[in-house]
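The opening residue of the sequence shown carries number 50 in the numbering used here; numbering runs sequentially from there. Data block below; observations after.
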Amino acid sequence: MLIFGTSFAHRSGPNNSANGRRVLYATYNRAVDGDNHDAYYSERAKRYPSTHHRIPGADYRDGSKDYAYGTPMLTIEGLVEPTTAGKKVGAKESSD
50 MLIFGTSFAH RSGPNNSANG RRVLYATYNR AVDGDNHDAY YSERAKRYPS THHRIPGADY
110 RDGSKDYAYG TPMLTIEGLV EPTTAGKKVG AKESSD
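Pasting the structure below:
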């Protein structure tokens, strides 16, 4: 078993292979905390729906903070370039 923080997932370089990349995140909560599965996915569907369920022109940036943190998403309305944690992907860090 591996245990890691919420910021573990991160951007990686381009996949130049003929193979796809896959990842599985298995999550859990204690039984005493209740079954939150349906409530979680219902809220996620409203605030950050799958790309093919999005309403053109709708703003999903707020939902992306909770459901897409750390991923280089191209489908957030208003973003031209992918970002990760508020920074443009591939942007050079300032040496100031």
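From the three backbone atoms N, C-alpha and C, an ideal C-beta is built for every residue, glycine too. None of these values were measured; they are calculated from a predicted model.
Cα atoms of Pro105 and Pro98: separation of roughly 12 Å, rounded to the nearest angstrom.
Per DSSP, reduced to three states, the secondary structure at Arg79 is coil, with no helix or strand assignment.
Contact between the region 107 to 121 and the region 86 to 96 is present: 3 or more CB-CB pairs across the two stretches fall below 8 Å. Counted as a single uninterrupted DSSP element, the stretch harbouring Ala67 is not any alpha helix (DSSP H), since DSSP gives it neither H nor E.
With contacts defined by Cβ atoms closer than 7 Å, Arg70 and Asn64 form a contacting pair.
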